[in-house]
Amino acid sequence: MGMLSGKRALVIGVASKLSIAYGIADALHREGCDLAFTYQNDKLKDRVLGFAEGWGTPASRCFPCDVASDADIDHAFVELASQWDGLDILIHCVAFAPGDQLAGRFVDVTTREGFHVAHDISAYSLIGVTRAAQPLMSGRAGSIITLSYLGAVQTMPNYNVMGLAKASLEAGVRYLATSLGPEGHRVNAISAGPIRTLAASGIKDFRSMLAYNASRTPLRRNTTIEEVGNTAAFLGSDLASGITGQVIYVDNGFSITAMGESDNA
Ligand code: NAD
Ligand code: 0WE
Numbered sequence: 051m052g053m054l055s056g057k058r059a060l061v062i063g064v065a066s067k068l069s070i071a072y073g074i075a076d077a078l079h080r081e082g083c084d085l086a087f088t089y090q091n092d093k094l095k096d097r098v099l100g101f102a103e104g105w106g107t108p109a110s111r112c113f114p115c116d117v118a119s120d121a122d123i124d125h126a127f128v129e130l131a132s133q134w135d136g137l138d139i140l141i142h143c144v145a146f147a148p149g150d151q152l153a154g155r156f157v158d159v160t161t162r163e164g165f166h167v168a169h170d171i172s173a174y175s176l177i178g179v180t181r182a183a184q185p186l187m188s189g190r191a192g193s194i195i196t197l198s199y200l201g202a203v204q205t206m207p208n209y210n211v212m213g214l215a216k217a218s219l220e221a222g223v224r225y226l227a228t229s230l231g232p233e234g235h236r237v238n239a240i241s242a243g244p245i246r247t248l249a250a251s252g253i254k255d256f257r258s259m260l261a262y263n264a265s266r267t268p269l270r271r272n273t274t275i276e277e278v279g280n281t282a283a284f285l286g287s288d289l290a291s292g293i294t295g296q297v298i299y300v301d302n303g304f305s306i307t308a309m310g311e312s313d314n315a
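Heads up, the sequence shown is in our numbering, so the first residue is 51 and it goes up one at a time.
Okay, structure coming up:
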């Protein structure tokens with residue numbers, strides 16, 4: 051029997067087989083969790099429906115949801131409520147900043163509009179979907195999980211305004227954990243090491259970042275979506291009943307070093 055059998059999760063943020071949300075869905079499914087999905091737009095619909103089928107999720111449990119839209123968020127949860135009478139786990143695996151924000155000198159490239167979009171999609175959306183999930187989570191000791199990155203707390207070339215948005219996301223985790231604690235719900239973030247996904251594919255020098263990371267990290271390898279998925283399964287389970295408001299690092303140890311050592315200088 052899996053550690054999530056009898057539980058139900060909504061996964062937001064599957065775009066491809068490389069997505070962190072894909073690794074999470076796979077681990078939750080392996081542990082016996084029933085799944086539902088949202089997808090950002092029609093372009094992703096067929097792909098997400100195909101993945102969902104592989105995890106035993108019918109198309110009737112897959113809904114469109116652009117998290118920039120309050121109406122989309124409300125609609126997705128109304129639809130979900132017509133399929134399920136409760137929800138135990140909410141996976142938020144979404145981030146976006148306009149491409150021009152993620153290349154160049156922070157002080158030069160950061161615009162009011164870029165700041166706004168990054169914070170809206172990457173930080174506010176956690177609050178919006180968490181609120182919309184409340185009626186379905188009521189009475190169920192829910193677990194809400196989002197994805198962050200080290201750029202929230204240390205500077206990283208080109209991560210720029212996304213770092214500010216992740217800092218806001220992490221503060222949001224603490225405020226949500228505090229406001230939902232009395233209902234029995236837990237809210238946590240997983241701060242993952244760099245992983246080659248669609249969101250990373252457009253990033254300049256991402257390959258060399260991965261190589262640097264693998265060689266300087268205590269465990270001498272890069273983080274995988276399977277490792278993030280397994281941590282999400284744990285945080286979603288009753289085994290993590292005492293953990294809320296935390297940022298759990300799944301980065302093979304990168305963040306603990308001030309100066310990473312490498313095997314060949
Ligand atoms: P991904 O491209 O596979 O996933 C990003 C998802 O965000 C996509 O499914 C996309 O559809 C969705 N999205 C973007 N804008 C949206 C909107 N307006 N409405 C609804 N959905 C929207 O990339 P990923 O790397 O799996 O990213 C998932 C999360 O993991 C993000 O929060 C990212 O910041 C975080 N993260 C990624 C890494 C990494 O190196 N890849 C490291 C740490 C944290
Ligand atoms: O959170 C992220 C990436 C999020 C992201 C990616 C894109 C690319 C395409 C947000 N918005 C966009 N907008 C686009 O137009 N990561 C943690 C992965 C990532 O992105 C970086 C990194 C790492 C790591 C950007 C610069 C430096 C490091």
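Just so you know, even glycine gets a beta-carbon here, dropped at the ideal spot from N, CA and C.
- By the neighbour-count definition (other C-beta atoms within 10 Å, threshold 16), Ser312 is an exposed residue.
- According to the DSSP secondary-structure assignment, Arg58 is paired through a beta bridge with Asp84.
- For Val157, the number of other beta carbons within 10 angstroms of its own is below 16, and it is reported as exposed.
- Counting other Cβ atoms within 10 Å of its Cβ, Ile298 reaches 16 or more and is therefore classed as buried.
- The C-alpha of Arg155 lies about 12 Å from the C-alpha of Thr205.
- Comparing C-alpha distances from Lys93 to each of Asp116, Gly252, Ala202 and Ala145 shows the shortest one belongs to Asp116.
- Following the DSSP letters along the chain, one finds Val300 inside the beta strand (DSSP E) bounded by residues Val297 to Val300.
- By alpha-carbon distance to His142, the top candidate from Val179, Arg266 and Phe304 is Val179.
- DSSP places Pro114 in the uninterrupted beta strand (DSSP E) bounded by Cys112 to Pro114.
- Between Phe146 and Gly243, the C-beta gap is not smaller than 8 Å, which leaves the two residues out of contact.
- Residue environment analysis places Lys254 among the exposed positions, since fewer than 16 neighbouring C-beta atoms fall within 10 angstroms of its C-beta.
- In this structure, Phe146 has its beta carbon less than 7 Å from a heavy atom of the ligand NAD.
- A distance below 7 Å between beta-carbons, with the five flanking residues on each side excluded, links Thr196 to the following residues of its chain, in chain order: His142, Leu176, Leu219, Val223 and Ala239.
- Shown here, Tyr199 sits in coil according to DSSP, grouped into three states, outside any helix or strand.
- CA-CA distance, Val98 to Ala191, rounds to 28 Å.
- In this structure, Thr247 and Ile70 form a Cβ contact; the two beta carbons are roughly 6 Å apart against a cut-off of 8 Å.
- Burial state of Ser258 is exposed, judged by a 10 Å Cβ sphere holding fewer than 16 other Cβ atoms.
- Here Met51 is exposed, its C-beta having fewer than 16 other C-beta atoms within 10 Å.
- Ranked by how close their Cα comes to the Cα of Ala215, the residues Tyr199, Gly82 and Glu276 have Tyr199 in first place.
- Remark: the shortest separation between the CB of Asn272 and any heavy atom of the ligand 0WE does not fall under 7 Å.
- Judged by beta-carbon spacing, Gln151 lies within the 8 Å limit of Val159, meaning their Cβ atoms are closer than that value.
- Exclusion of the five residues before and after Leu260 leaves Pro244, Arg246 and Asn272 as the residues of its chain whose Cβ lies within less than 7 Å of its Cβ.
- Annotation: the continuous beta strand (DSSP E) that includes Ala239 extends over Arg236 to Ala242.
- Around the C-beta of Ala221, fewer than 16 other C-beta atoms lie within 10 Å, and the residue is accordingly described as exposed.
- By a beta-carbon distance limit of 8 Å, Ile194 contacts Leu226. Their separation comes to about 7 Å.
- According to DSSP, Ser193 shares a beta bridge with Ile139 and Arg236.
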